[in-house]
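Heads up, the thing below is written out as structure tokens.
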Amino acid sequence: MKKILSVLPLIALAVFVHAQKLPRVIILATGGTIAGAGASSDRAGYTAGKIPIDQLVGSIPTVKKIAEITGEQVASVGSQDMTVDIWKKLAVRINEIFKNNEADGIVVTHGTDTQEETAYFLDLVVTSEKPVVLTGSMRPATAISADGPKNLYDAITIAIDPKSKGRGVLVSFNEGIYDAREVMKMSSTKTNAFGSPNTGAVDQAYDGTVEYYSKSERQVNPKSPVVITADTKLPRVDIVYMYADAPADEIDLLIGKKVDGIVIAGVGNGNFNKAYMDAVKRAVAAGIIVCRSSRTPSGRVVLHDEINDDELGTIVSDDLTPQKARILLMLGLTKTKDKKQLQNFFFKY
Ligand code: GLU
Numbered sequence: 001m002k003k004i005l006s007v008l009p010l011i012a013l014a015v016f017v018h019a020q021k022l023p024r025v026i027i028l029a030t031g032g033t034i035a036g037a038g039a040s041s042d043r044a045g046y047t048a049g050k051i052p053i054d055q056l057v058g059s060i061p062t063v064k065k066i067a068e069i070t071g072e073q074v075a076s077v078g079s080q081d082m083t084v085d086i087w088k089k090l091a092v093r094i095n096e097i098f099k100n101n102e103a104d105g106i107v108v109t110h111g112t113d114t115q116e117e118t119a120y121f122l123d124l125v126v127t128s129e130k131p132v133v134l135t136g137s138m139r140p141a142t143a144i145s146a147d148g149p150k151n152l153y154d155a156i157t158i159a160i161d162p163k164s165k166g167r168g169v170l171v172s173f174n175e176g177i178y179d180a181r182e183v184m185k186m187s188s189t190k191t192n193a194f195g196s197p198n199t200g201a202v203d204q205a206y207d208g209t210v211e212y213y214s215k216s217e218r219q220v221n222p223k224s225p226v227v228i229t230a231d232t233k234l235p236r237v238d239i240v241y242m243y244a245d246a247p248a249d250e251i252d253l254l255i256g257k258k259v260d261g262i263v264i265a266g267v268g269n270g271n272f273n274k275a276y277m278d279a280v281k282r283a284v285a286a287g288i289i290v291c292r293s294s295r296t297p298s299g300r301v302v303l304h305d306e307i308n309d310d311e312l313g314t315i316v317s318d319d320l321t322p323q324k325a326r327i328l329l330m331l332g333l334t335k336t337k338d339k340k341q342l343q344n345f346f347f348k349y
């Protein structure tokens, strides 16, 4: 009995130390404006990925009180140069980090131009329900009122908040939190660059607190439909943009290239003109999966509405933007070429 009493303080100390342990966040840096350095503080022009991750974290010293942070430089690109290979690298590393319990949450710093695409790709392939949060900035670190430090701080608070679990991949920007599936870059220059045209933000981050207001019905995580490894070969899917009086030459070019899929950024409800209609028939006859989506930022593309998809042999993107429909089609095609199953992916994810 005496022996037990003598070790009790040690056990209490161990419990206390354990309780004091800060949540662990790994930042996977890919470049973009958030890591950009400009020639002067009054210009937005910059070189991407100049600032290493440690320096970025150094700009928010108080974050050390709330999380144990480590950083890894996965890439150093402006996100217009984002590639499928970097997506795969990120996906493999994120799944590995969570499998090995190396972190409680992950923040990915990323250029804003294609951030929504990387977010949705990861949303479809990350297998853990632990938080993954993407963020970036519109102004480089050297600019007046650089928005990167605050966006990074908010992303870390979101990544360590237990309420963020099981919500799929999130994008944190300008104090708004957005579902990967819904988010879109809405302004090419302003600091409130992101929005979710169909659903709005799911949350706001403010003063280090996070409060969720809604949850997506299309939650993928953690039931990833596709397993990504470094060797996964993703099929080629291209996007063709429809406009008034558009010739359909690009579709014929892609048929010649033997692509696996074509997403049409159609007008309105995924519509296209007669020249496109004929070219789409040729693409379908060549065994290419053609998905109708819309260049209109909100709303849906409805199956068999103005166009009879069964007759034409097309599928629809539902409410995914063309750039996200491309990603779902690429991943879907690694599982099946069956149009019905592919269409179901678009109604499920
Ligand atoms: N084009 C750059 C990128 O997407 C700059 C945009 C940004 O990060 O804000 O990385």
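Residue numbers (our numbering): 1 to 349. The beta-carbon is built from N, C-alpha and C at its ideal position, and this holds for glycine as well.
Given a cut-off of 8 Å, decide if Val202 and Met185 are closer than it, judged by their beta-carbon atoms. The count along the sequence shown starts at 1 and reaches residue 185 at position 185. The count along the sequence shown starts at 1 and reaches residue 202 at position 202. Residue identity differs from the one stated: residue 185 is Lys in this sequence, not Met. Judged by beta-carbon spacing, Val202 lies beyond the 8 Å limit of Lys185, meaning their Cβ atoms are not closer than that value.
Straight-line gap, Ile239 to Asp319 (C-alpha atoms, nearest Å): Counting from one through the sequence shown, the residue named residue 239 turns up at place 239. Counting from one through the sequence shown, the residue named residue 319 turns up at place 319. For Ile239 and Asp319, the distance between alpha carbons rounds to 16 Å.
CB Arg218 to CB Ile255, shorter than 8 Å? For the purposes of this step, residue 218 is identified with residue 218 of the sequence shown, where counting begins at 1. For the purposes of this step, residue 255 is identified with residue 255 of the sequence shown, where counting begins at 1. Not closer than 8 Å, so no.
Give the DSSP-derived three-state secondary structure of Gly32 in the structure shown. Here residue 32 corresponds to residue number 32 of the sequence shown, with the count starting at 1. Residue state, collapsed to three classes: coil.
Taking 8 Å as the cut-off, decide whether the C-beta atoms of Leu90 and Leu152 are in contact. Numbered from its first residue, the sequence shown carries residue 90 at position 90. Numbered from its first residue, the sequence shown carries residue 152 at position 152. Cβ distance not < 8 Å, so Leu90 and Leu152 don't count as in contact.
Would the stretch 256-272 count as touching the stretch 239-248 if we require 3 or more Cβ pairs under 8 Å? yes
For a quick check, are the C-beta atoms of Gly111 and Gly136 less than 8 Å apart? The count along the sequence shown starts at 1 and reaches residue 111 at position 111. The count along the sequence shown starts at 1 and reaches residue 136 at position 136. Cβ atoms of Gly111 and Gly136: closer than 8 Å.
What do you get for Val15, buried or exposed, if any count of 16 or more other CB atoms within 10 angstroms of its CB means buried? On the sequence shown, position 15 is the one that residue 15 refers to. Unreliable positioning characterises Val15 in this predicted model, as indicated by a pLDDT of 48, which lies under 50. The coordinate reading is nonetheless provided below. Val15 is exposed by the Cβ-count criterion.
Close-in-space but distant-in-sequence residues of the same chain around Val133 (CB under 6 Å, 5 per side omitted): Residue numbering aside, residue 133 sits at position 133 when the sequence shown is read from its first letter. Correct list, in chain order: Val107, Ala155, Ile158, Ala159, Leu170, Ser172.
Buried or exposed: where does Ile144 fall if 16 or more other Cβ atoms within 10 Å of its Cβ makes it buried? Working through the sequence shown from its first residue, we reach residue 144 at position 144. Counting Cβ neighbours within 10 Å, Ile144 comes out exposed, since fewer than 16 surround it.
Between which two residues does the alpha helix (DSSP H) containing Arg93 stretch? In the sequence shown, residue 93 corresponds to position 93, counting from 1. Segment 84-99, the alpha helix (DSSP H) holding Arg93.
Under 6 Å, CB to nearest heavy atom of ligand 1: contacting residues: Gly32, Thr33, Ala48, Gly78, Ser79, Gln80, Gly111, Thr112, Asp113, Gly136, Met138
Determine whether the beta carbon atoms of Gly32 and Thr109 lie at a separation below 8 Å. The residue you call residue 32 lines up with position 32 of the sequence shown. The residue you call residue 109 lines up with position 109 of the sequence shown. In contact: Gly32 and Thr109 (Cβ atoms closer than 8 Å).
Considering Asp278, what are the terminal residues of the alpha helix (DSSP H) in which it resides? Position 278 of the sequence shown, counting from 1, holds the residue named residue 278. Segment 274-285, the alpha helix (DSSP H) holding Asp278.
N-terminal and C-terminal residue of the alpha helix (DSSP H) that Ala205 is part of: Locating residue 205 in the sequence shown gives position 205, counting from the first residue. From DSSP, Ala205 is part of no alpha helix (DSSP H) but of the beta strand (DSSP E) over 203-206.
Is it true that the CB of Tyr276 sits closer than 8 Å to the CB of Ile315? The count along the sequence shown starts at 1 and reaches residue 315 at position 315. The count along the sequence shown starts at 1 and reaches residue 276 at position 276. In this structure, Tyr276 does not lie closer than 8 Å to Ile315 by Cβ.
Exposed or buried, Glu211, counting other C-beta atoms within 10 Å across all chains shown (16 or more means buried)? In the sequence shown, counting from the first residue as 1, residue 211 sits at position 211. With fewer than 16 Cβ atoms within 10 Å of its Cβ, Glu211 is classed as exposed.
Taking DSSP's pairing of strands, which residues face Ala265 in a bridge? Within the sequence shown, numbered from 1, the residue matching residue 265 stands at position 265. Tyr241, Ser293, per the DSSP bridge assignment.
Give me the residue from Thr232, Pro140, Glu129, Val63 with the minimum Cα distance to Pro52. Translated into positions along the sequence shown, residue 52 becomes position 52. If we check each option's Cα against that of Pro52, Pro140 comes out closest.
When you compare the CB positions of Pro235 and Leu328, do they come within less than 8 Å of one another, or not? For the purposes of this step, residue 235 is taken as residue 235 along the sequence shown, with counting starting at 1. For the purposes of this step, residue 328 is taken as residue 328 along the sequence shown, with counting starting at 1. Their beta carbons are not under 8 Å apart, which means Pro235 does not touch Leu328 by this criterion.
For the putative contact between Pro197 and Ser298, defined by C-beta atoms under 8 Å, what is the C-beta separation to the nearest angstrom? Numbered from its first residue, the sequence shown carries residue 197 at position 197. Numbered from its first residue, the sequence shown carries residue 298 at position 298. Between Ser298 and Pro197 the Cβ distance is about 4 Å, and since that is below 8 Å, they are a contact.
According to DSSP, what are the bridge partners of Arg24? Taking the first residue of the sequence shown as position 1, residue 24 is located at position 24. Beta-bridge pairing links Arg24 to Glu68.
Which ranges would you report for the alpha helix (DSSP H) in the stretch 99-136 if only whole runs of at least 4 residues count? Complete alpha helix (DSSP H) runs here, min 4: 115-125.
Proximal residues to Ala205 (C-beta, below 7 Å), its chain only, five neighbours per side dropped: Residue numbering aside, residue 205 sits at position 205 when the sequence shown is read from its first letter. Excluding residues within five positions, the ones whose Cβ falls inside 7 Å are Asp154, Thr157, Ile158, Ser172, Glu175, Ile177.
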